[in-house]
Amino acid sequence: MSLSDEAIAKILLRNKDMAVHLFDYPPGVALEQNRGAVASHSVGPLAAPALLYAHVPFCHAICKFCNVYKERHPGPKRLAAYLDALLAEAREVSRQVQGTRFAAAYVGGGTPTALTEGQLDVLLGELRRLFKLGDGMPFEIDATPASLTPAKVAVLLRRGVSHLSMGIQSLEAGVLCAIGRQSHNGSLPRLSRILAGTGLKVHFDFIVGLPGETLASVRGAIDRVVCDFAPASLSVNAYDHTGDTGFAQDGVGLDFPGPIVRRRMRRAVKALQTYIRVRHDLRRGPTHYFPRVRDGAGVVGIGAGAYGYLPHVIAYRNLPYGDYLRSGFRVKKIHRMTPDEERRRFIIHKISDPNLFAGYRMRFGTRLEKDFPGPHVELMGRGHVHRPGRPERFVFPDREDERAAAVRFYSAAVLACYER
Numbered sequence: 053m054s055l056s057d058e059a060i061a062k063i064l065l066r067n068k069d070m071a072v073h074l075f076d077y078p079p080g081v082a083l084e085q086n087r088g089a090v091a092s093h094s095v096g097p098l099a100a101p102a103l104l105y106a107h108v109p110f111c112h113a114i115c116k117f118c119n120v121y122k123e124r125h126p127g128p129k130r131l132a133a134y135l136d137a138l139l140a141e142a143r144e145v146s147r148q149v150q151g152t153r154f155a156a157a158y159v160g161g162g163t164p165t166a167l168t169e170g171q172l173d174v175l176l177g178e179l180r181r182l183f184k185l186g187d188g189m190p191f192e193i194d195a196t197p198a199s200l201t202p203a204k205v206a207v208l209l210r211r212g213v214s215h216l217s218m219g220i221q222s223l224e225a226g227v228l229c230a231i232g233r234q235s236h237n238g239s240l241p242r243l244s245r246i247l248a249g250t251g252l253k254v255h256f257d258f259i260v261g262l263p264g265e266t267l268a269s270v271r272g273a274i275d276r277v278v279c280d281f282a283p284a285s286l287s288v289n290a291y292d293h294t295g296d297t298g299f300a301q302d303g304v305g306l307d308f309p310g311p312i313v314r315r316r317m318r319r320a321v322k323a324l325q326t327y328i329r330v331r332h333d334l335r336r337g338p339t340h341y342f343p344r345v346r347d348g349a350g351v352v353g354i355g356a357g358a359y360g361y362l363p364h365v366i367a368y369r370n371l372p373y374g375d376y377l378r379s380g381f382r383v384k385k386i387h388r389m390t391p392d393e394e395r396r397r398f399i400i401h402k403i404s405d406p407n408l409f410a411g412y413r414m415r416f417g418t419r420l421e422k423d424f425p426g427p428h429v430e431l432m433g434r435g436h437v438h439r440p441g442r443p444e445r446f447v448f449p450d451r452e453d454e455r456a457a458a459v460r461f462y463s464a465a466v467l468a469c470y471e472r
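Residue numbering for the sequence shown follows my numbering, beginning at 53 and increasing consecutively.
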């Protein structure tokens, strides 16, 4: 199927409310050339209460099921360099969105609590100061049981953190070994003692569908954490096999599960959610209290791998860690769109590795709909043009020459927004 530039333009422009998600495009070189023009724009305050998101991508262990942007813990020198770049970006972005009222803040990863006590203190304190985060607002941070110490918990409390999100996934030693995680047997009892009496609200995530996991083992894990921690909430999710995880690199899970497996996983998740609600009288959802994108709220994202979604604002995703350090906070800039630009409401994502093209082609259809509800076009491979009540199939050309022509068009369309 051959698509001319004009045909692609019609697809983009027929619906002024359409948002376009671009993975890997335009190329980083093109964005580098136009960085100065982007930086010259100022956003100003957002009309709706917003969420502040800061990404700390470092983990002591890389989980094989995870497809978010992460890096193995790089050591103190590079960790300090990343924190310097992150704070520099925070200072710049806080000026751009000065006057915005934030309803919630979230420091995610990776494992932000892999930072030292001093680094955590500086990061959380600067985020609160620069973005004028109010006292008592929901302020959440990702953590692992092994990375928390009494000193770090004291820092979190002093800086107003209200929620801990713990993606423990499983308590089975064999399952944790299969996904590249350490056993929680020693860290959970210690964590229970550390958190006792702190008032921090704890959220636990579990995953169904990991190698060796069973419905009974997840139920047992739920019972244990409820008994030991009295968490504020629990979530159970079905593992979604995608092409950009450690399992894929090992040659496992390169294809989506078949429909029968998917149905069984959905039934298992539903059964466990009912179990959480009936047996333990707990909410099943996350504790984030984030403003919903679909409600018109904005997300201001800083850090390598972070995303931002601002209503009526163009944003593009940060580059991965190495490029982020080389380019500094200037890797991500945002500016308010003109009425003409709003006809092409671009949300541009830069994924962590351009060579993951084949893997990302397999993900379309559910992932982006969950992250960014609403009309959008997904490019590369097969995607959809989503319009209220009338979805349409959009097939991206597979031939290299046609793909190159489409990439040139999209690059030009994006860069045209930055040419003033």
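Ideal placement from N, C-alpha and C gives every residue a C-beta, glycine not left out.
Given the structure is predicted, the values throughout are model-derived calculations rather than measurements.
Determine the burial state of residue i: buried for a count of at least 16 other Cβ atoms within 10 Å of its Cβ, exposed for fewer.
i	result
alanine 203	exposed
leucine 209	exposed
histidine 107	buried
valine 478	Given a span of 53 to 472 for the chain in the structure shown, any question on residue 478 remains unanswerable.
histidine 112	exposed
glycine 261	buried
aspartate 275	exposed
proline 164	buried
proline 128	exposed
arginine 180	buried
glycine 353	buried
proline 474	Residue coverage of the chain in this structure runs from 53 to 472, which leaves residue 474 outside it and unanswerable.
arginine 233	buried
valine 207	buried
valine 330	exposed
Starting from residue i, follow its DSSP beta bridges and name the residues at the other end.
i	result
glycine 253	Looking at the sequence itself, residue 253 is lysine, so the reference to glycine does not match. According to DSSP, which records beta bridges pairwise, lysine 253 is partnered with His215.
leucine 286	Phe256
glycine 353	Tyr105
cysteine 111	Arg124
valine 159	Ala106 and Ile193
glutamine 221	Phe258
With a threshold of 6 angstroms on Cβ separation, who are the neighbours of residue i within its own chain once the five nearest residues in sequence on each side are excluded?
i	result
valine 278	His332
glutamine 171	Leu135
So for residue i, helix, strand or coil by DSSP?
i	result
aspartate 194	strand
glycine 177	helix
arginine 153	coil
glutamate 265	coil
glutamine 171	helix
alanine 203	helix
glycine 248	A small correction: the amino acid at residue 248 is alanine; glycine does not occupy that position in the sequence shown. DSSP places alanine 248 in coil when its eight states are reduced to three.
isoleucine 231	coil
glycine 186	coil
lysine 322	helix
glycine 272	helix
glycine 226	helix
histidine 332	helix
tyrosine 134	helix
tyrosine 291	coil
Which same chain residues end up closer than 7 angstroms to residue i when comparing Cβ atoms and leaving out the 5 residues on each side of it in sequence?
i	result
glutamate 178	Leu139 and Ala142
valine 254	Leu216, Met218, Leu247, Phe281, Pro283 and Ala284
serine 235	Ala225 and Leu228
phenylalanine 183	Leu104, Ser146 and Phe154
leucine 200	Thr165, Leu243 and Ile246
alanine 320	Val260 and Leu267
alanine 273	Ser222, Leu223 and Phe258
glycine 249	none
Suppose the cutoff is 8 angstroms on Cβ atoms and the five residues either side in sequence are ignored; what does the same chain contact list for residue i look like?
i	result
alanine 323	Leu267
arginine 271	Leu324 and Tyr327
glutamate 265	Ser222, Glu224, Val227 and Ile259
leucine 252	Val205, Leu208, Leu209, Val213, Ser214, His215 and Leu216
leucine 185	Leu104, Phe154, Ala157, Leu179, Phe191 and Gly212
alanine 195	Thr163, Pro164, Thr165, Leu216, Ser217 and Met218
asparagine 289	Asp257, Phe258, Ile259, Val260 and Val321
proline 197	Met218, Ile220, His236, Ser239, Leu240, Arg242 and Leu243
If residue i and residue j are in contact, beta carbons under 8 angstroms, what's the gap, nearest whole angstrom?
i	j	result
valine 213	isoleucine 231	Not really, about 27 angstroms apart at Cβ, beyond 8 angstroms.
lysine 168	alanine 102	Per the sequence shown, residue 168 should be read as threonine rather than lysine. Contact flag wrong, Cβ pair sits at about 29 angstroms.
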